[in-house]
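Quick note on numbering: my numbering labels position 23 of the sequence shown as 171, and the sequence is numbered without any gaps. Note that beta-carbon positions come from the ideal geometry of N, C-alpha and C, so glycine has one too. Written below as structure tokens is the structure these notes are about.
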Amino acid sequence: MSRSKIPDTDNFTRNTEADTGGQLESCDEQAVPDNYELEHLHKFQPFLVREKCEELVREEFEGIKYDHDRCRSVSENLRAKILDLLKKLFDRYRFVVQIVTGGKAGQSVLANFEAVWDTDFDDYFMITYKQQNLYAFVMVFAIY
């Protein structure tokens, strides 16, 4: 059985046991303050951004007729605008923006989702937009 090599301690100093409990401490490393935040100082509040997001949805979809390719490009552009807005206001959150569009032809649509998350910090909101020949659901999820 071979013995494991004792690590080179040239870059370490031994402090008194009162300081570190006799542990080796690096001389080369500078102390970095702990910046882990387990709780966000500014919780995501949907009511602060919902109205602005509704305005963006109206601007993008107003006056267009349903066309799969057109709605796809409008949705991608809208998603980017919403994400930019959210990231500026809530820097430590991750966002998921899902946009569903369809043509209105007398049918009804039901949208549903399920999620497992921390109800203290995570949240969502949904915007429904309807006009004569198309509908759009915009779902925004904020996850800390």
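Residues 275, 277, 286 of the same chain have their beta carbon placed closer than 6 Å to that of residue 205, with the five preceding and five following residues left out of the count. Shortest Cα-Cα distance from residue 280 to any of 185, 209, 203 involves 209. For residue 285, the enclosing beta strand (DSSP E) stretches over residues 282-291.
Counting only the Cα atoms, residue 243 lies some 8 Å from residue 234.
In this structure, residue 195 sits away from residue 290, with a CB-CB distance that is not shorter than 7 Å. Ranking 257, 190, 249, 201 by CA distance to the CA of residue 221 puts 249 first. Restricting attention to 188, 187, 219, the CA atom closest to the CA of residue 284 is found in 219. A straight line joining the alpha-carbon of residue 257 with that of residue 190 spans about 35 Å. Here the alpha carbons of residue 268 and residue 292 stand approximately 10 Å from one another.
Here residue 264 is exposed, its C-beta having fewer than 16 other C-beta atoms within 10 Å.
DSSP, read as helix, strand or coil, puts residue 275 in strand.
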